[in-house]
Amino acid sequence: MALKTIPADDVTPEERERFLREAQICAGLYHPNLLRVHDSGEADGILYQAMDLLACQYPSWKPPAISASWISAWSKLASA
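Residue numbers (numbering that gives the first Met the number 0): 0 to 79.
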């Protein structure tokens with residue numbers, strides 16, 4: 000289980016509502032490529048979302064290779 004947290008005092012009422020609405024919407028979604036949100040709310044002044052933990056072997060993880068053609072394409076797009 001993983002927790003996404005935000006101190007409730009650090010957010011506006013609109014941000015608080017968005018955080019909790021995000022959790023509610025995500026809790027209703029199911030897809031193999033999405034982490035499930037199991038619970039959300041506020042406890043001791045902390046807004047939280049409890050979700051699946053993504054298993055990762057960080058030391059062995061390497062970013063994918065980026066080809067020169069990919070960099071060129073994105074450079075052209077960014078300068079457009």
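Every residue gets a Cβ at the ideal spot worked out from N, C-alpha and C, and that includes glycine.
- Taking 3 residues as the minimum length, the beta strand (DSSP E) runs contained wholly in the stretch 21 to 47 are 36 to 42, in order along the chain.
- For L2, the uninterrupted beta strand (DSSP E) segment begins and ends at A1 to P6.
- Distance from the Cα of G40 is smallest, within the candidate group N32, E21, L34 and L28, for E21.
- Non-local C-beta neighbours of G44 in its own chain, meaning closer than 6 Å and more than five positions away in sequence, comprise A7, ordered along the chain.
- The stretch 46 to 56 makes contact with the stretch 9 to 29, as at least three CB pairs between them are under 8 Å.
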